[in-house]
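Going left to right, the sequence shown walks through residues 151 to 262 as this note's numbering numbers them. Below is one structure, written out as structure tokens; comments come after it.
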Amino acid sequence: MENCIFCKIVAGEIPSPRFYEDGDMIVIKDIEPKAKLHYLCIPKTHFALLSEMDEEKAELLKRVMKKIPELANGVLGLSGGYRMIVNQGADGGQSVPHLHIHLLGGETLTGF
Ligand code: 5GP
Ligand code: ZN
């Protein structure tokens with residue numbers, strides 16, 4: 151998708167170190183971390199909202215979700231636990247309209 155910053159990162163047009171990559175997604179660190187460790191799991195397929203999910207995208211997200219605990223306990227260093235956030239639309243505070251999963255941890259998170 152043209153002018154999508156996450157598509158550009160996925161394509162390698164904007165360099166960003168990858169902590170994990172497979173056919174479905176990349177995992178990078180958030181440029182403005184909200185916790186000691188703050189990763190973004192970015193599916194390689196462009197779509198903005200869960201409401202756009204068809205069967206293919208549902209399967210993609212299923213594989214991504216199944217992979218996250220394994221990564222958290224391994225390369226991402228989140229074995230103590232983590233918070234998973236998916237912001238949706240304007241009221242959800244979504245600033246990049248390419249669906250992504252925030253993983254926050256590396257410390258004990260307080261508040262909501
Ligand atoms: P959203 O607000 O859409 O849920 O999350 C977008 C996130 O992407 C924000 O936390 C923001 O800091 C992060 N972000 C925006 N641009 C870049 C970038 O170029 N590189 C990285 N690593 N993170 C970015
Ligand atoms: Zn995109």
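Each residue gets a CB set at the ideal place from its N, CA and C atoms; glycine is no exception.
Cα-Cα separation, residue i to residue j
i, j, result
"A240", "H252", "17 Å"
"D180", "K186", "11 Å"
"Y170", "L221", "8 Å"
Assigned exposure category for residue i - 16 Cβ within 10 Å defines buried
i, result
"F156", "buried"
"L199", "exposed"
"G255", "buried"
"I178", "buried"
"V225", "exposed"
"P165", "exposed"
"P167", "exposed"
"M234", "exposed"
Under the three-state DSSP convention, the category residue i falls into
i, result
"R168", "coil"
"I159", "helix"
Residues near residue i by beta carbon distance below 7 Å, same chain, minus five either side
i, result
"P219", "none"
"K184", "L254"
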